[in-house]
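> Going down the list, the protein sequences come from chains A and B. If you number the first sequence the way the numbering used here does, the last residue is 217 and the count never jumps. If you number the second sequence the way the numbering used here does, the last residue is 863 and the count never jumps. C-beta: ideal position from N, C-alpha, C; glycine also.
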Amino acid sequence: MSSVINKSETSEPSAAPAEPASIWVFTELKALISGSQSFFQSRLTEPPVPRSLFYNRVIPLAAVRPVAVLLRSVVGGTPLPGAVVGLGSFALQIGTWLGLALVLPALARQFHAEISDRQAFSLTTYASMPVWLAGAFYAVPEEPAFLFLWSRTLVLLVAVFSIYLIRQGIVALGVRRKMQLPLLGGITVAAVLIYGLLFMALGISSHVALYVIG
Amino acid sequence: MSQAESEATTSTGVASGTPDDDHETTPGAAGDEPAGLYILELMAKTWELFRAQPLTYVAAAAILIAGGVLTFGILLAPLAVGFITMTSRHLRGEEIEAGQILEGMQNFGHALVAGVLIGAGVAAGTVALVIPGAVLAVLWSFTLHFVALEKQSALGAMGASWRLCRRHVGSVLLVLLTSVALSFLGSLVVVGVLISTPLALILLTFSFNELRH
Numbered sequence: 004m005s006s007v008i009n010k011s012e013t014s015e016p017s018a019a020p021a022e023p024a025s026i027w028v029f030t031e032l033k034a035l036i037s038g039s040q041s042f043f044q045s046r047l048t049e050p051p052v053p054r055s056l057f058y059n060r061v062i063p064l065a066a067v068r069p070v071a072v073l074l075r076s077v078v079g080g081t082p083l084p085g086a087v088v089g090l091g092s093f094a095l096q097i098g099t100w101l102g103l104a105l106v107l108p109a110l111a112r113q114f115h116a117e118i119s120d121r122q123a124f125s126l127t128t129y130a131s132m133p134v135w136l137a138g139a140f141y142a143v144p145e146e147p148a149f150l151f152l153w154s155r156t157l158v159l160l161v162a163v164f165s166i167y168l169i170r171q172g173i174v175a176l177g178v179r180r181k182m183q184l185p186l187l188g189g190i191t192v193a194a195v196l197i198y199g200l201l202f203m204a205l206g207i208s209s210h211v212a213l214y215v216i217g
Numbered sequence: 651m652s653q654a655e656s657e658a659t660t661s662t663g664v665a666s667g668t669p670d671d672d673h674e675t676t677p678g679a680a681g682d683e684p685a686g687l688y689i690l691e692l693m694a695k696t697w698e699l700f701r702a703q704p705l706t707y708v709a710a711a712a713i714l715i716a717g718g719v720l721t722f723g724i725l726l727a728p729l730a731v732g733f734i735t736m737t738s739r740h741l742r743g744e745e746i747e748a749g750q751i752l753e754g755m756q757n758f759g760h761a762l763v764a765g766v767l768i769g770a771g772v773a774a775g776t777v778a779l780v781i782p783g784a785v786l787a788v789l790w791s792f793t794l795h796f797v798a799l800e801k802q803s804a805l806g807a808m809g810a811s812w813r814l815c816r817r818h819v820g821s822v823l824l825v826l827l828t829s830v831a832l833s834f835l836g837s838l839v840v841v842g843v844l845i846s847t848p849l850a851l852i853l854l855t856f857s858f859n860e861l862r863h
């Protein structure tokens, strides 16, 4: 995986790496929500290096949900399964991010648009940030049921918002208007497929891990 | 560039290109994946090829699935190699028969070793937090094509697939996702898998040819 991320960096010797500004994540999130199109215009014109995004944004934010899951499990008295599921959900989020970022340029090509690797990693990262943060809702216990349903509904709504952010990113990238909706549909289907496949694989590996650990 | 296309160019420097555009329009796009696959085109060709002899492909898929299941997966890779060879023959304009899938037994050793190694690697990677398994599955996805069409050994084919797929990660991933989507749609109907399996394998073979040549 690191070699794939490195490929996006080392293949562009003439471009100075544009590190994200050293501002707090929440300030960036506020800018993303309040003015998404202008946010993407600036971020996608000089996209940050994928490695920098991975260490400064992806890892810390994708860790929110696993920590929430672990907390819930510790409170519920089942720390070991919580740790396994938490670790698995961390891998699930990273894998979905990586898969979507890798497939995005090829997917855009199908709709006569061009997105570079760096832009793909940036778009995927910033569009995923709200969903990763919403992972905090996974700390809500399963009882009472209405609270559980409420929390999961909120996560779903945030996921829909992320799709909207991707759409804003597509517009900022100058994709032809006729191709915006089909491309957005393609991205959504690809994301669901990647997530679904990794989820199934995670289910198998979690069962194996829990069986072995006993 | 037409006016509509030039209007699509923004300060990001991204222009909406046509499939024939090989030029890179974005700063920093140099070194990104070379011009890749066009899935809709490939799917159209896949369907055309399948439609030419649908019963042959359905019968071959039935042999592949039955052979794989009844032998607990031992014959799965060799039969897949046979299917790929059969598809390749059809692509060259030759008539094919379902029984030709059994010619994969000529590469039984290499196919079996490749299948076992890939299966073990992907399984181990999946248990180790999923992502390594997924990465290996993508990078080794054309191993059997190298065994079938270039007569490479198991390890040679795995290495060749690794090198080919690394250069075209995005396109390969897109093709694999399309194949998964096809297989999923096929599984919704009782015998749909007999149609979706050959379609997925033909699509993979077309993709291999495009990327390789």
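Alpha carbon to alpha carbon, how far is A:Leu196 from A:Leu176?
24 Å
> Taking 9 Å as the CB-CB cut-off, is A:Arg60 touching chain B?
no
> Quick one: grab the DSSP three-state call for B:Phe722.
coil
> Mind listing, in chain order, the continuous alpha helix (DSSP H) runs of no fewer than 4 residues lying wholly within the segment 690 to 768 of chain B?
704 to 720 and 726 to 741
> Starting from the beta carbon of A:Leu201, find every residue of chain B whose beta carbon is closer than 9 Å, and list them in chain order.
Val780, Ile781 and Ala784
> Keeping to the same chain, check which residues put their C-beta closer than 8 Å to that of B:Ile715; ignore five residues upstream and five downstream.
Counting only Cβ-Cβ distances below 8 Å, and skipping sequence neighbours, we find Val843, Leu844 and Thr847.
> Pull out every residue of the segment 822 to 834 of chain B whose Cβ sits closer than 7 Å to any Cβ of chain A, in chain order.
Leu823, Leu824, Leu827, Val830 and Ala831
> For the alpha helix (DSSP H) holding A:Tyr141, just list the boundary residues, first then last.
In the DSSP assignment, A:Tyr141 falls outside any alpha helix (DSSP H) and carries neither an H nor an E.
> Can you tell me which of the three DSSP states B:Phe792 falls into?
coil
> If we define contact as Cβ-Cβ less than 9 Å, is B:Ile689 a contact residue for chain A?
True, the Cβ-Cβ gap to chain A drops below 9 Å.
> Could you name the residues of chain B that A:Gly98 contacts, counting a contact when the two beta carbons are closer than 8 Å?
Val780, Ile781 and Ala784
> I'd like the list of long-range same chain contacts for A:Phe114, defined as Cβ closer than 6 Å, with 5 residues on each side in sequence excluded.
Met182, Pro185 and Leu186
> Where does the unbroken alpha helix (DSSP H) through B:Thr828 begin, and where does it stop?
Val819 to Ser837
> Give a yes or no on whether the C-beta atoms belonging to A:Ser208 and A:Gly85 are separated by under 9 Å.
no
> With a threshold of 16 other CB atoms inside 10 Å of the CB of B:Glu698, please say whether the residue is buried or exposed.
exposed
> Is the distance from the Cβ of B:Ala784 to the Cβ of A:Leu110 below 9 Å?
no
> Which same chain residues, not among the five before or five after A:Glu145, have their C-beta less than 6 Å away from its C-beta?
Phe151
> Using three-state DSSP, classify A:Phe202 as helix, strand or coil.
helix
> For the candidate residues B:Gly806, B:Ile746 and B:Ile751, whose alpha-carbon lies nearest to that of B:Ala730?
B:Ile751
> I'd like the list of long-range same chain contacts for B:Ser821, defined as Cβ closer than 8 Å, with 5 residues on each side in sequence excluded.
Glu683, Gly686, Leu687, Ser857 and Leu861
> Starting from the C-beta of A:Thr127, find all residues in its chain whose C-beta is less than 7 Å away, skip the five residues before and the five after it, and write them out in chain order.
Trp100, Leu103, Ala104 and Leu107
> Tell me the DSSP secondary structure of A:Pro51 in three-state form.
coil
> Determine the extent of the alpha helix (DSSP H) in which B:Leu851 is found, giving its start and end residues.
Val843 to Arg862
> Note down, in chain order, each residue of its chain lying with its Cβ closer than 7 Å to the Cβ of B:Ala710, except the 5 sequence neighbours on either side.
Phe733, Met736, Ala748, Ile751 and Pro848
> Comparing the C-beta of B:Val708 with each C-beta of chain A, is any distance below 9 Å?
Closer than 9 Å: no.
> Looking at C-alpha atoms only, which residue of A:Ile62, A:Leu47 and A:Thr48 is the closest neighbour of A:Arg54?
A:Ile62
> Along chain B, which residues have their Cβ under 8 Å away from the Cβ of A:Gly102?
Ala784 and Leu823
> To be precise: take each residue of the segment 64 to 77 of chain A, compare its Cβ to all Cβ atoms of chain B, and keep it if any distance is under 9 Å. Which residues remain?
none
> From the DSSP output, in three-state form, read off B:Ser803 for me.
Shown here, B:Ser803 sits in coil according to DSSP, grouped into three states, outside any helix or strand.
> As a quick exercise: from B:Glu745, B:Arg742 and B:Ala807, pick the residue whose alpha carbon is nearest that of B:Ile768.
B:Ala807
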